[in-house]
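Engineer: To start, I am sharing the structure in question, which I have written as structure tokens.
Residue numbers (full-length UniProt numbering): 1 to 954.
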């Protein structure tokens, strides 16, 4: 009976159920409602309902956590039923059940009635779907017979298909077998951002076919999940274009002769919406109906095209008949037209009007849509075209020499010539003519030579591009008659044109000379106002524009800011890679700077690696924004001659203030000052000139002046000495000379109060020379003959000067001081800025016995490579590490590492900044040999130093 328990292969029957369910034919209930009733009435029972969807899919269970498999094939279903001794109830009648209700042997007894109800509902739903499919197939057939519009047919078919299957993405591809190409008259894909354009074609690639091309080539359906498409992507035999869908179906469309003419395809991108076997089978059925419908529509389109072509051919025949009638009518008009030509040639008109009138008259006598007059200059061999009218050319040919066209052939023959295509081929084979590039081929050409006495002066020609218009002997006679009148007109005009041409030539020469002079003046003006390398405005142009903006500022208060920019370490790059490379860097930097500006801003190169920018209108916001864009832009590398390097800039900004600035140059000065402040602060940044900086600059100028005066006087600047102690014995091992500046009020300035402002200036070089001279003079005195080595600080400015080493040795020789009694202390700054020059100076000093140590080690780049490469005799640990030895384990580790590495390299180490006994003890424990700091002595003047060394000697 229906709904009763049946036997699966390998499974014994269960006991008959007790049906307590109502009549299964009651309409309105759905599977979800039946499942809800079962769960309510059979609470705690372990059961599962499987429905056929390709595999057996689990649709519901008595307990969501019961662990029934989600998918089973027939063999797995039978095996599960046998192993678990399940009761199996088919749902739906017929040879193949629509589903199975499986239950544990100790389960509820009402499962048979439930299975019966499930079967009824499934059969009802199956019948409804079958009716819907049948209706869609009928509607497609009706569409094919009721519409002639292929696009409308596909649109309506798509709408119908969506009611049965997931058909969001539908494509129709048609094959053009003659051209072996594909086009897509209907294409709908929500994921494709660049669908094929309407009317476009793509070639059928038989070597690496797309999915569509593969179906067209083989004529078989292609039903592919995503995994199959991805596997084929590497080695074929087909390739997926664009985004790979979760499932793709392509069905060949075939005509009555079983020829594949297209492909209908569907695809989905959601894994949960993959097509099952039922969807695949349904799509193939619908595709066959669509193929028959499209075949009928395409045949109707072909028939309509054939009818249209035949209609066009009949129209062309009628046109030729009308042309023949017109030709007979032109013959009747010939006699009357001859008198009109004679009258026109005798009228007093200018040459263009005369030639145009003759063209119109000739056009009434014969086919003259394409008419021209060519003139020949025997002296130069040039052929020109003063009158030219042509259907296929909008402009007259340019004057030419040495060509062998129809015109030149007629001039050589000195007689009228009629040339058709056949004769043209013969003349080409004999080498008489050569087709002129850009000249359309005429079906018939007629040319009459024009004479000046006995000399050929040109050709009068007409030509036809139509097969039904060919020139005859009568046309030649008529055109010969017309040419005689043209000869007369040309003779009268020759003298007048010669005078006019002379005048025009003179005017042209004057205009050319004027233009050349203007161009030269423009080039000179441009070169005077622009930099030859970067093509940017130069200093002269900048100052001119700055003066204009300054005037506007004074007149109406228009805002103005000036930016001064300098490339960081450009000199080092220039020396390392060469001046040509440096020039390319300046050009690239100028282009990058230009890209950071507004249209109203002006960028100028002042010289070297210095640039200036004028920012009109507004206050500080605009130049600050520009400066930030520039800093950000130079964070990207510059690629020059296959070198990728990073460059940075230092930028100074000043906003014009008439109360503080008296003239335009004051702005450049203040912007330069702000830029220099950035240089002092580490570069790669910008600074705004303000009142505080103005005061600092003013103080600096005063101090620089006072320092220059002090250098001349020689009694204000004096060396102080701080001992360097041998840690193990407490003996004074060396002295460091430190400059002090005595002020008029009796106070003494330490180096930190005035030396940083001099860094990079020539003045600091003079100060280095002064200190070396004072120390040499001190050591030369007999009282200081027993002094240990004296350390003298050397600036980065001095060490890179080519003459510095010779100058040091000359000073020592002048005072008779041995080079070994002097030790120069050098920071890392010079090694970074000018490494090669610093290295050369240090090697020269080392060869003559002057030792050099690396000062403030650890405060900068701290590379021991400097010590090895530049032949330092030792190094001094920066006091910032020594001062923190008592409370920083990190400082202890760093100092210990420096001491050990220096010992392994055979270098002496001095620890600066020792101020307490704890630090001294730690240094002893680390093995440091020398120390310096307030724990031992503060810097002492000469007298105190003598006393200190005297006590040590005693």
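Every residue gets a Cβ at the ideal spot worked out from N, C-alpha and C, and that includes glycine.
Determine, using beta-carbon pairs with one atom in the stretch 933 to 948 and one in the stretch 714 to 729, whether at least three such pairs fall under 8 Å.
Structural biologist: At 8 Å Cβ cutoff, the stretches touch.
Engineer: Which of the three DSSP states, helix, strand or coil, is assigned to residue 260?
Structural biologist: It is a strand residue.
Engineer: Classify residue 325 as buried or exposed, calling it buried when 16 or more other Cβ atoms lie within 10 Å of its own Cβ.
Structural biologist: The residue in question, residue 325, is exposed, as its Cβ has fewer than 16 Cβ neighbours within 10 Å.
Engineer: CB-CB under 8 Å to residue 537, same chain, minus the five flanking residues each way: which ones, in chain order?
Structural biologist: Closer than 8 Å at the Cβ level, and outside the excluded window around residue 537, lie 529, 530, 531, 545, 602, 603, 604, 605.
Engineer: So, helix, strand or coil for residue 96, using DSSP?
Structural biologist: Residue state, collapsed to three classes: coil.
Engineer: For residue 140, which of 154, 340, 329 has the nearest alpha-carbon?
Structural biologist: Nearest C-alpha to residue 140: 154.
Engineer: Output the distance between the C-alpha atoms of residue 793 and residue 735, rounded to the nearest integer angstrom.
Structural biologist: Going from the Cα of residue 793 to the Cα of residue 735 covers about 11 Å.
Engineer: Since residue 734 sits in a beta bridge, which residues does DSSP pair it with?
Structural biologist: Its beta-bridge partners are 724, 789.
Engineer: So for residue 339, helix, strand or coil by DSSP?
Structural biologist: The answer is helix: DSSP assigns residue 339 an H, G or I state.
Engineer: Just checking, does the stretch 269 to 284 make contact with the stretch 299 to 315 on the three C-beta pairs under 8 Å criterion?
Structural biologist: Judged by Cβ distances under 8 Å, the stretch 269 to 284 makes no contact with the stretch 299 to 315, as fewer than three pairs qualify.
Engineer: Output the distance between the C-alpha atoms of residue 208 and residue 173, rounded to the nearest integer angstrom.
Structural biologist: Taking the straight line from one Cα to the other gives about 17 Å.
Engineer: To the nearest angstrom, report how far apart residue 22 and residue 129 are at their CA atoms.
Structural biologist: Bear in mind that a pLDDT of 38 at residue 22, under 50, signals an unreliable position, so the number given afterwards is only what the model happens to contain. If you take the alpha carbons of residue 22 and residue 129, they lie about 26 Å apart.
Engineer: Can you find the residues in the same chain that come closer than 7 Å, C-beta to C-beta, to residue 596, ignoring five residues on each side of it along the sequence?
Structural biologist: Contacts found: 626, 629, 630, 633.
Engineer: Taking only the alpha-carbon atoms, compute the straight-line gap between residue 303 and residue 312 and give it to the nearest angstrom.
Structural biologist: Computed Cα separation, rounded: 14 Å.
Engineer: Scan the stretch 762 to 833 and note each continuous beta strand (DSSP E) run of 3 residues or more that stays entirely inside, going in chain order.
Structural biologist: You should have 789 to 794, 822 to 826.
Engineer: Mark residue 521 as exposed unless 16 or more other C-beta atoms lie within 10 angstroms of its C-beta, in which case mark it buried.
Structural biologist: Exposed, by the Cβ-count rule.
Engineer: Residue 709 to residue 621, Cα distance in whole Å?
Structural biologist: About 42 Å.
Engineer: Going by C-alpha to C-alpha distance, which of 741, 571, 764 sits closest to residue 837?
Structural biologist: Nearest C-alpha to residue 837: 571.
Engineer: Go ahead and pull the three-state DSSP assignment for residue 433.
Structural biologist: Coil, per DSSP.
Engineer: Measuring straight from C-alpha to C-alpha, what distance separates residue 227 and residue 212?
Structural biologist: Spanning the two alpha carbons is a distance of roughly 18 Å.
Engineer: DSSP state of residue 233, grouped into three classes?
Structural biologist: Note: residue 233 maps to helix in three-state DSSP.
Engineer: Going by C-alpha distance, which of 414, 102, 877 is nearest residue 78?
Structural biologist: Closest option to residue 78, Cα to Cα, is 102.
Engineer: Residue 135 and residue 168 look like a contact to me (Cβ under 8 Å); what is the Cβ gap, rounded to whole Å?
Structural biologist: The Cβ separation is near 21 Å, so there is no contact.
Engineer: With the cut-off set at 8 Å, would you say residue 787 and residue 940 are in Cβ contact?
Structural biologist: No, they are not a contact pair.
Engineer: Excluding five sequence neighbours on each side, which residues of the same chain lie with their C-beta closer than 8 Å to the C-beta of residue 359?
Structural biologist: Correct list, in chain order: 368, 371, 387, 389.
Engineer: Whether or not the stretch 908 to 915 and the stretch 876 to 883 are in contact is what I'm after, with contact meaning three or more pairs of Cβ atoms, one per stretch, closer than 8 Å; do they touch?
Structural biologist: Yes: at least three Cβ pairs fall under 8 Å.
Engineer: Just the Cα atoms here: how many angstroms apart are residue 170 and residue 217?
Structural biologist: Distance between the alpha carbons of residue 170 and residue 217 is about 20 Å.
Engineer: Which residues in the same chain as residue 611 place their Cβ atom closer than 6 Å to its Cβ, once the five residues preceding and following it in sequence are excluded?
Structural biologist: Cβ within range, chain order: 565, 605.
Engineer: Enumerate, from N- to C-terminal direction, the unbroken beta strand (DSSP E) stretches of 3 or more residues contained entirely within the stretch 127 to 162.
Structural biologist: As far as the stretch 127 to 162 is concerned, it has no whole beta strand (DSSP E) run of at least 3 residues.
Engineer: Is it the case that the Cβ atoms of residue 616 and residue 600 are separated by a distance below 8 Å?
Structural biologist: Yes; because the gap between Cβ atoms is below 8 Å, this pair is in contact.
Engineer: Taking the alpha carbon of residue 790 as the reference point, which residue from 823, 394, 185, 872 has its own alpha carbon closest?
Structural biologist: Nearest C-alpha to residue 790: 823.
Engineer: My assumption, with CB atoms under 8 Å, is that residue 725 sits in contact with residue 936. Please give the rounded CB distance.
Structural biologist: Contact holds; Cβ gap of about 5 Å.
Engineer: Whole beta strand (DSSP E) runs in the stretch 522 to 579 with 3 or more residues, listed along the chain?
Structural biologist: Those beta strand (DSSP E) runs which fall completely within the stretch 522 to 579 and span 3+ residues are 560 to 567.
Engineer: On a CA-only basis, which of 675, 204, 143 is nearest residue 178? Give me that one, please.
Structural biologist: With distances taken between Cα atoms, residue 178 lies closest to 204.
Engineer: Do residue 656 and residue 561 count as a contact pair if the criterion is CB distance below 8 Å?
Structural biologist: Yes, Cβ-Cβ distance for residue 561 and residue 656 is below 8 Å.
Engineer: With respect to the beta strand (DSSP E) encompassing residue 461, which residues constitute its N-terminal and C-terminal limits?
Structural biologist: Taken as a continuous stretch (DSSP letters only), the beta strand (DSSP E) holding residue 461 covers 455 to 464.
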